[in-house]
Every structure is written in structure tokens, then in C-alpha cells.
Amino acid sequence: MTEPARIVVLISGNGSNLQTIIDHTANGQIDGQVVGVISNRSDAYGLERAASASIPTKVLEHALFANRQDYDESLAGLVDTFEPDVIVLAGFMRILTPQFVRRFQGKMINIHPSLLPKYTGLNTHRRAIEAGDKEHGCSVHFVTEELDGGPVILQAKVPIFEDDDEQSVQQRVLEQEHRIFPLTVQWVATGRAKLINGIAQLDGNPLTSAGYASD
Ligand code: GAR
1 MTEPARIVVL
11 ISGNGSNLQT
21 IIDHTANGQI
31 DGQVVGVISN
41 RSDAYGLERA
51 ASASIPTKVL
61 EHALFANRQD
71 YDESLAGLVD
81 TFEPDVIVLA
91 GFMRILTPQF
101 VRRFQGKMIN
111 IHPSLLPKYT
121 GLNTHRRAIE
131 AGDKEHGCSV
141 HFVTEELDGG
151 PVILQAKVPI
161 FEDDDEQSVQ
171 QRVLEQEHRI
181 FPLTVQWVAT
191 GRAKLINGIA
201 QLDGNPLTSA
211 GYASD
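Quick note on numbering: full-length UniProt numbering labels position 59 of the sequence shown as 59, and the sequence is numbered without any gaps.
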């Protein structure tokens, strides 16, 4: 039997996605173990979630570093100490240097609250509402050097209704994040999802730009 995957999760805040990943490892729906949680903010609530699950935590405050390069070098060293098979960015709100991304390419996935390639960056829910979009959603993708732009593995769509506000849409999207993220982590942890020559594959089949089963 192969060893369960070693998963490191990077966070900056609430950590609801971290929680769902922890829960799925605990109930066996992810064949892996969260071996460490790293936050760039000491006040991230996700650190408490990790501690409650007896998962080692580290804080690496970006404010203490002169520049992005230095920070990312330290971060990479810290990530390596956990010897991860999978690195999960779960609300880690930092742009990563190309060096960092290259070091972990193929092992690192991110969740983003939009139907990529739409709305990279911040305030995605507000931007979707303001644009009059009738649907919105979330994407899990391999992390590449392009900001929020790596190959998508899985997306989930939600409707936007007339009387929605930013908060109601965010809540609706977050519920879907909690469904697709653990599933994708499982696919990467078990080697079903791979990044081959810049293209995401599932079970050896190349995925479309919207990932698996976009509709
Ligand atoms: C999630 O909505 C995630 O998609 C988003 O941050 C939130 C974190 O929530 N990530 C990004 O915007 C990355 N570009 P959580 O801390 O409760 O998991």
C-alpha cells in the first residue's frame, strides 16, 4: 500500500477550506494527511483550526521581510521541512515569485473564487455582480507562474440572482469551494490529476480549459 500523501496547506485567514480538507482526511475521503499549516499572518483563524486538529503550524510574517524574493525563499525552505507531496493554497493571499512556483510546480494547487479565466485577483464576487453576470463560481487549478492562471482541474458554477449582494454570492460560492477543493486534493494526492507539459490531466486524459466536466 502506498503511503498517504503528505499535504501542506498555506493560509492567510479564516481557513474554512483548510477545515474541509482536514475533515476529509479524517473521514478517509482524502488519502492523505495534513502535516503542516503555514500562514503569513499570525492572526489567521485557520491556525486555531489546525491546532485543534493537532496539526503543526508555522507563521511566516511577510511584513518581516525586505522583499518578495526573500520571503518566498524562506517560505520554500519552510514548506520543504514538511516534505510535502501536495501543497494546497487555501486562501493564501500572496502573489508568489516564479522561483517559488517553479520549485513546487505540479504539486501545488490553488482555489480561486471565480470561473477562471474570468476575474483573477481580488473582489471577484463584486466584479461578477457589477458586470451583470448571471453565473459565477470557483476554480481549482495547478499553480503556474501566471497569477490565478494555471490549468484548471475543476470548476463549480453558481447562479447570481437579482436580489443577491456580495455576501450572499460569496456564501454560495464558498459552499461549492468546500465541495470541489477536497475532491481535487484527493485527485492530486492519489496521482489521478497531474500537470503534464503545462496541461492538467485527469486519469491520463487532458482536461479542457474549464477543467473536468465544466457543465
Ligand atoms: C476563498 O474564497 C478562496 O477562494 C479565496 O479566499 C477565500 C479563503 O477562504 N482565495 C483567493 O481569493 C485566492 N486568490 P477560507 O480562508 O475560509 O478558506
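Glycine included, every Cβ here is placed at the ideal spot set by N, Cα and C.
Euclidean distance between Cα positions of residue i and residue j
i: L174; j: H125; result: 11 Å
i: I30; j: R6; result: 11 Å
i: I38; j: L18; result: 11 Å
i: K58; j: G36; result: 8 Å
i: P4; j: Q69; result: 32 Å
i: G150; j: T144; result: 5 Å
i: P182; j: H24; result: 7 Å
Pair within 8 Å by beta-carbon distance, residue i and residue j
i: L122; j: V140; result: no
i: V152; j: G77; result: no
i: G91; j: Y45; result: no
i: A53; j: I22; result: yes
i: M108; j: F82; result: no
Status (buried if at least 16 other CB within 10 Å, exposed otherwise) for residue i
i: A66; result: exposed
i: N205; result: exposed
i: P98; result: exposed
i: I111; result: buried
i: P84; result: buried
i: G137; result: buried
i: L47; result: buried
Heavy atom of the ligand GAR within 7 Å of residue i beta-carbon
i: G13; result: yes
i: M108; result: no
i: P113; result: yes
i: E146; result: no
i: L174; result: yes
i: N123; result: no
i: G149; result: no
i: S54; result: no
i: E177; result: yes
*Ranges of the beta strand (DSSP E) found wholly within the stretch 25 to 68, counting only runs of at least 3*: 32 to 39 and 57 to 59
_List, from N- to C-terminal side, the beta strand (DSSP E) runs of 3 residues or more that fit wholly inside the stretch 118 to 173._
135 to 142 and 152 to 159
*Residue ranges of each beta strand (DSSP E) run of no fewer than 3 residues wholly in the stretch 63 to 116, ordered along the chain?*
86 to 89 and 108 to 112
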